[in-house]
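Undergrad: Just passing along the structure, written as structure tokens.
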Ligand SMILES: Cc1ncc(COP(=O)(O)O)c(C=O)c1O
């Protein structure tokens, strides 16, 4: 009954955990900030609803918002409103980009471990995901030698993600330049997911934007303004791409949500110290959870440079799914590393979008459960 492309899809390993979790569990599985949007954004949303901005809007998004985003990114690249397309979250931007560029059988390099939507989006477009590893021993950064070895005449595109979900790793200028040079040498389209660009703990975020013309840059308001439920993101690409992308976007979603665009426009202009306060709080929690994890025997956790995920490796004789299930039974929700790819095995992802107190309680449970496992042997 179902089309092959739908039959081939598996349920995300993260959703599986949610479905099994009881309501009393401490949830460190979430991929969203535990904050509410900035008050300027909430106020603008209410105003937009009351003033009647409840209708379809322009397919590409409100011109004023596209202009404001061009301005936001003008320090990184020569961007104008014609390069910006407002999308239904980064999710639609990524899915639509695959539909626009990938022919059946074409290969797309994608990180392992990597965000759970990347490979399914490639497959839904008929493409073939080719996984490149980002390993703890390499600070979760891609290896150029491996990338080079995976490139074939069939390689069409490469997905990069900095800061990374699930590892929290951030690429520096050097890595970005090296990956861009490789992509340019081989005529590969770069698709850069930078939805965590505002949540970086040390120094400035380095973007792929401005390094090459052969780039689709994807971002979102979900994380920066804690509005995952409003479904608003955007992409930046050369104008010669935008015309075709806008057509596919139109046939998929008609237009992005209108009231939310008015709200984020206000947020871009006037969100005060919101981001700084959010990042300061995440930094405090990051330092806390990393220290706690590293104090538990068998865990090794690098300090993530961005996003809000700790991705420790463990050396217990169990698979990550089993360990996550045991933690779940003991009252902590986290994500098994295997949900993010083969190389994610022997890791867990803990989201620190929860209070320090909750994280502390969760770490006590992790400590107790892992002690039981070590004494089982
Ligand atoms: C790396 C990455 N890209 C994209 C998304 C999707 O974001 P959006 O809510 O804008 O669709 C997420 C959400 O968790 C993510 O982690």
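Numbering (my numbering), first residue to last: 574 to 950. Just so it is clear, CB atoms sit at the ideal spot from N, CA and C, and this is done for glycine as well.
(1) Pick out whichever of 725, 574, 809 and 719 has its Cα sitting closest to the Cα of residue 651.
(2) Does the Cβ-Cβ distance between residue 737 and residue 880 come in under 8 Å?
(3) Here's the rule: buried if 16 or more other CB atoms are within 10 angstroms of the residue's CB, otherwise exposed. What is residue 932?
(4) For residue 976, does the count of other Cβ atoms within 10 angstroms reach 16, so buried, or fall short, so exposed?
(5) Among 707, 934 and 627, which has the Cα closest to the Cα of residue 734?
(6) If we call anything under 8 Å between Cβ atoms a contact, is residue 705 one with residue 690?
(7) At a Cβ threshold of 8 Å, is residue 622 touching chain B?
(8) Assuming contact is defined by CB atoms lying nearer than 8 Å, are residue 676 and residue 699 in contact in what I supplied?
(9) Cβ atoms of residue 684 and residue 884: under 8 Å apart, would you say?
(10) If residue 837 sits next to residue 900, beta carbons under 8 Å apart, how far is it from one beta carbon to the other, in whole angstroms?
(11) Within a Cβ cutoff of 7 Å, which residues of the same chain sit near residue 597, ignoring the five residues on either side of it in sequence?
(12) Taking only three categories from DSSP, how would you classify residue 873?
(13) So residue 832 and residue 626 are in contact, right, with Cβ under 8 Å, and what is the actual spacing, rounded?
(14) Measuring only the C-alpha atoms, how far is residue 717 from residue 746?
(15) With hydrogens ignored, establish whether the beta-carbon of residue 653 is closer than 7 Å to any heavy atom of ligand 1.
(16) Whole angstroms are fine: how far does the CA of residue 608 sit from the CA of residue 928?
(17) Give the DSSP bridge partners of residue 708, in chain order.
(18) Which residues in the same chain have their Cβ closer than 6 Å to the Cβ of residue 797, if we skip the five residues on either side of it in sequence?
(19) In angstroms, rounded to a whole number, what distance separates the CA positions of residue 636 and residue 654?
(20) In chain order, what residues of the same chain have a beta carbon less than 7 Å from the beta carbon of residue 694, not counting five sequence neighbours either side?
(21) Less than 7 Å separating the Cβ of residue 770 from some heavy atom of ligand 1?
(22) Once the 5 residues before and after residue 578 are set aside, which same chain residues still bring their CB inside 8 Å of it?
(23) Considering just the uninterrupted stretch of the alpha helix (DSSP H) at residue 923, what are its terminal residues?
(24) Beta-carbon separation of residue 806 and residue 814 under 8 Å?
(25) In the structure shown, what three-state DSSP assignment does residue 659 receive?
(26) Can you check the segment 580-613 for any alpha helix (DSSP H) of at least 4 residues that lies completely inside it and give the ranges in chain order?
(27) Measuring only the C-alpha atoms, how far is residue 917 from residue 930?
(28) Could you tell me the alpha carbon to alpha carbon distance between residue 945 and residue 601, rounded to whole angstroms?
(29) Going by DSSP, which residues form a beta bridge with residue 680?
(30) If you reduce the DSSP assignment to three classes, tell me which class residue 627 lands in.
(31) So, do the segment 840-859 and the segment 909-924 have three or more beta carbon pairs nearer to each other than 8 Å?
(32) Does the Cβ of residue 766 lie closer than 7 Å to at least one heavy atom of ligand 1?
(33) Can you give me the C-alpha to C-alpha distance between residue 804 and residue 784, rounded to a whole angstrom?
(34) Hey, is residue 806 close to ligand 1, as in C-beta under 7 Å from one of its heavy atoms?
(35) Starting from the Cα of residue 830, find the closest Cα among 623, 593 and 634 and give me that residue.
(36) Helix, strand or coil: how does DSSP classify residue 764 here?
TA: Quick answer:
(1) The option with the nearest alpha carbon to residue 651 is 809.
(2) Taking C-beta atoms as the reference points, residue 737 and residue 880 count as a pair closer than 8 Å.
(3) buried
(4) Residue 976 lies beyond the range of the chain shown here (574 to 950); nothing can be said about it.
(5) 707
(6) The Cβ-Cβ distance between residue 705 and residue 690 does not fall below 8 Å.
(7) Absence of chain B from the displayed structure is noted, only one protein chain being present.
(8) yes
(9) no
(10) Wrong, their Cβ atoms sit about 36 Å apart, outside the cutoff.
(11) 904
(12) strand
(13) Contact between residue 832 and residue 626 holds: their C-beta atoms lie close to 5 Å from each other, under 8 Å.
(14) 14 Å
(15) no
(16) 10 Å
(17) 714
(18) For residue 797, where only same-chain residues beyond five positions count, the Cβ hits under 6 Å are 771.
(19) Near 7 Å, if we compare the C-alpha coordinates of residue 654 and residue 636.
(20) 667, 668 and 671
(21) no
(22) Excluding positions up to five away in sequence, the list reads 696, 697 and 699.
(23) Not the alpha helix (DSSP H): residue 923 falls in the beta strand (DSSP E), residues 921-924.
(24) no
(25) strand
(26) Counting only runs of at least 4 residues, the segment 580-613 fully encloses the following alpha helix (DSSP H) elements, listed from N- to C-terminal order: 586-593.
(27) Their Cα atoms are separated by approximately 27 Å.
(28) 21 Å
(29) Beta bridge pairing from DSSP links residue 680 with 701 and 728.
(30) coil
(31) With the cut-off at 8 Å, the segment 840-859 and the segment 909-924 do not touch.
(32) For ligand 1, a non-hydrogen atom lies closer than 7 Å to the CB of residue 766.
(33) 28 Å
(34) yes
(35) Comparing alpha carbon positions, the residue from 623, 593 and 634 closest to residue 830 is 634.
(36) Note: residue 764 maps to strand in three-state DSSP.
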